[in-house]
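When the letters of the sequence shown are read in order and numbered with my numbering, they come out as residues 271 to 455.
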Amino acid sequence: MDDKRIINALFLNEEDGYKMMIDKYSTYVASIVFNLTRDIITNAEMEEIVAEVFLKVWIKRDELKGDSIKGLIGQIARNSSIDALRKNGNVPILLDDDIISIQTDDSVEKHIEDAELMNLLNDAVRNLKEPDREIFIRHYYFGEKLKDIGEYLNINLSTVKTKLRRSRDLIKSTLNERWYKYEEK
């Protein structure tokens, strides 16, 4: 079952399109939700998020473009998971090997250096204050537009840009300082 057929059925308000979308993407959505929320929210809350994702796609069916909906579904699943975590007072740090993979065909030394650099980057991002950390993660890891981030967080676009620039500068400075110390070891 291809996405073009699903998109066409959704666009024509056919209930079969909704069912086809769920059949094809329910495992994908569930894995995203589980990976982002495990050990933080209940299974019932996870199931609720999964259902909410498909409902949001159904509501936005008139805006569907292109030949694939997988990216849109994934983005909605990530955003819905983050929203649920925020309601529980948790904002996730999404900097792990699932999001940024390290090449394993290099030498062992290169692999160790890459892993250490990844740890330094994770620490630097974790040390950002809110909402700077969330802006950084949403922009660089989820590819969200600055305008959308600003609207979501109720922050002026120029403020979002400034916070992102300052976060980049701070992370760069932290990495330069800490990487230099690592290299001296």
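For each residue, glycine too, the CB sits at the ideal point set by N, CA and C.
Rounded to the nearest whole angstrom, the CA to CA distance from Leu306 to Ile352 is 8 Å. Counting the other Cβ atoms within 10 Å of the Cβ of Leu280 gives 16 or more, which makes it buried.
In this structure, the beta-carbon distance from Leu391 to Leu445 falls below 8 Å.
For secondary structure counted as the alpha helix (DSSP H) over 4 or more consecutive residues, the segment 306 to 370 holds these complete runs in sequence order: 313 to 329 and 340 to 357. Within the model, the alpha-carbon separation for Phe304 versus Glu318 is close to 12 Å.
Looking from the CA of Thr312, the closest CA among Leu355, Glu400 and Arg448 belongs to Leu355. Collapsing the DSSP output to three states places Tyr411 in coil. Classified as buried, Arg348 has 16 or more neighbouring CB atoms from the shown chains inside 10 Å of its CB. Contact between Ile276 and Met290 holds, since their C-beta atoms are separated by about 5 Å, short of 8 Å.
Here the alpha carbon of Gly341 sits roughly 15 Å from the alpha carbon of His409. According to the DSSP assignment, Asn278 belongs to the alpha helix (DSSP H) that extends over Asp273 to Phe281. For Glu284, the secondary structure class from DSSP, reduced to helix, strand or coil, is coil.
Annotated three-state conformation of Lys433 is helix, per DSSP.
Taking 8 Å as the cut-off, the beta carbon of Phe324 is found closer than this to the beta carbon of Ile292. Counted as a single uninterrupted DSSP element, the alpha helix (DSSP H) harbouring Lys417 occupies residues Leu416 to Leu423.
If you draw a straight line from the Cα of Ala394 to the Cα of Ile441, it is about 6 Å long.
The DSSP-derived three-state label of Glu447 is helix.
The three-state secondary structure of Glu386, taken from DSSP, is helix.
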